[in-house]
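For what it's worth, my numbering labels the leading residue of the sequence shown as 7, then goes sequentially. Ideal Cβ placement from N, Cα and C applies to all residues, glycine included.
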Amino acid sequence: MTMLALVDMLLRLNWGVLAYVVFQKDYYVTFGLLIGLIVMSFFLNLFLWRRYFFSKYKYEQEDPLFSEYVRKNPATSSILIFFSYLLTFQAIRLTYSRFLGKKRFMAKFTRRLRYFRLIGRLTVLETLVLYLPAVAVNSWSLTYITDQKTTQFWLNVDGLALVLYAVILISVVLTQREKLMNYKSYFNFSELIKFGDDTDAEQFTNETEGNTVQTIPSKGSVKGENASMASLGGGVPASVSNVEAMKLQREEELEVRSATAPEDLYRQRLYQLDQRYGSNQDASNGRWHLLDEPASAFNKSNSQWTGNRDRTVSVIDYQEYRKLEDKRDRILLKKTLYERKKVGDEGQVVLLNDELNKYQKHKGGLNDRLSSLKKQLKDLQKNIVHVDKSRKKEVRDVEQ
């Protein structure tokens, strides 16, 4: 992603410099074609990219995660967004490229599928209306109007190399695992040609081995409780409409996102899984946990766990529960080690402060002794001067 954005920006600069060179040599046709490429690039950036990203979808103001990134990194986000409007919309990829592992390049999107569709469609359109004509212009310029290896020749070679490299990078970016979406989700080209209602783009799904599992609804609403009790076999019940299911998922997404620390996030997720498979009777009989079930409760025929009270548990949820437990334990261990290290560091600081106080006292005593020695030295110097004067006087008296 980082390389694609940089190559795309360099390509725009190459077109501008090459247009200036051919204009000086009176190649007006080539100059007009290059200016046409630059104008088409501005059209994609300002009238398509900016219209949807800024004006219609309002990612900078209304997307919770991206607006938070803009608030925390105002300088970096402003520069990269400005480049995406001025040079190429691919510059926005730098915001979430994780370049050099810096947090200023770790933006996230809440409406990820909507963003993925937008930039994916514009990338395909850019390849068709910019890169293919650019290859033709550079090839024609090299063949007919470039006689020797001058600056114009090398600019055309650089332009061709950058275009071909950009096409390769686009094919890699669009076909690799899209980290922005989900690290377990592969690219699906059909997403780029869906032009239905974009509300489904805000839906958050996890894909594991081809099975899509709906996000567990929040316990805070009655509809969410009914949906979760009816969905023990996986998925959202048929009695709940798609709109209601999406509302429940948004509520739960906001609830989970409100956690300020990873430990709180994992605890909240574990609590939701507990509540999904719990009942009112568990309060009196003792809370039932997924991990308390024996291995014999696993039903291999339908890949599900059956509890002591004939409750059916999804294997995916069970695995997720175990992973969350492990993550929580690791976080608690890190927290304990950090607290121990902090206590040890505080003890070391106390010892160093004691040593510093002793040194300061010793230094004060030495300063006092030094002042007394200086006083004695002055007295000795005065005595020496007095003795010297008296001796000189005696010598003069003897000579007389």
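I believe residue i touches residue j by the beta-carbon criterion, under 8 Å. Please report the beta-carbon distance rounded to the nearest angstrom.
i, j, result
"Q96", "A25", "That belief does not hold up - the Cβ atoms of Q96 and A25 are roughly 20 Å apart, past 8 Å."
"T116", "I176", "T116 to I176, Cβ: 25 Å. No contact."
"F124", "F59", "The question names Phe, yet the displayed sequence has Leu at residue 124. 7 Å between Cβ atoms; contact."
"G165", "L39", "In fact, because the Cβ distance is near 12 Å, the residues do not count as touching under 8 Å."
"S61", "Q67", "The Cβ separation is near 11 Å, so there is no contact."
So for residue i, helix, strand or coil by DSSP?
i, result
"Y171", "helix"
"S396", "helix"
"A113", "coil"
"S103", "coil"
"T8", "helix"
"L186", "Confidence at L186 is low in this model, with a pLDDT of 46, below 50, so the placement of that residue should be treated as unreliable; the coordinate-derived value is given next. Reduced to three states, the DSSP call for L186 is coil."
"K31", "coil"
"A265", "At A265 the pLDDT is 41, less than 50, meaning the model places this residue with poor confidence; the figure from the coordinates comes in the next sentence. Of the three classes helix, strand and coil, the one that applies to A265 here is coil, per DSSP."
"D69", "coil"
"L93", "coil"
"K108", "coil"
"Q406", "coil"
"N20", "helix"
"N389", "helix"
"T156", "coil"
"Y121", "helix"
"K64", "coil"
"N51", "helix"
"N79", "coil"
"Y26", "helix"
"D316", "For D316, the predicted model reports a pLDDT of 43, less than 50, meaning its position is unreliable and no value from the coordinates is stated."
"F304", "Since pLDDT at F304 reaches only 45, below the 50 mark, its modelled position is unreliable, and the value read off the structure follows with that caveat. Strand."
"M15", "helix"
"G292", "Any reading at G292 must be qualified, since the residue scores a pLDDT of 40, below 50, and its modelled position is unreliable; no value is offered."
Answer yes or no: do residue i and residue j have a C-beta to C-beta separation smaller than 8 Å?
i, j, result
"V163", "A140", "no"
"W55", "L128", "yes"
"K114", "Y75", "yes"
"V135", "T36", "no"
"Y137", "A172", "yes"
"F159", "T8", "no"
"T94", "N51", "yes"
"V27", "L180", "no"
"F89", "M15", "yes"
"R110", "T82", "yes"
"R120", "Y63", "yes"
Taking 7 Å as the cut-off, is the beta-carbon of residue i closer than that to any non-hydrogen atom of the ligand FAD?
i, result
"F60", "This structure lacks the ligand FAD; in fact it carries no ligand of any kind."
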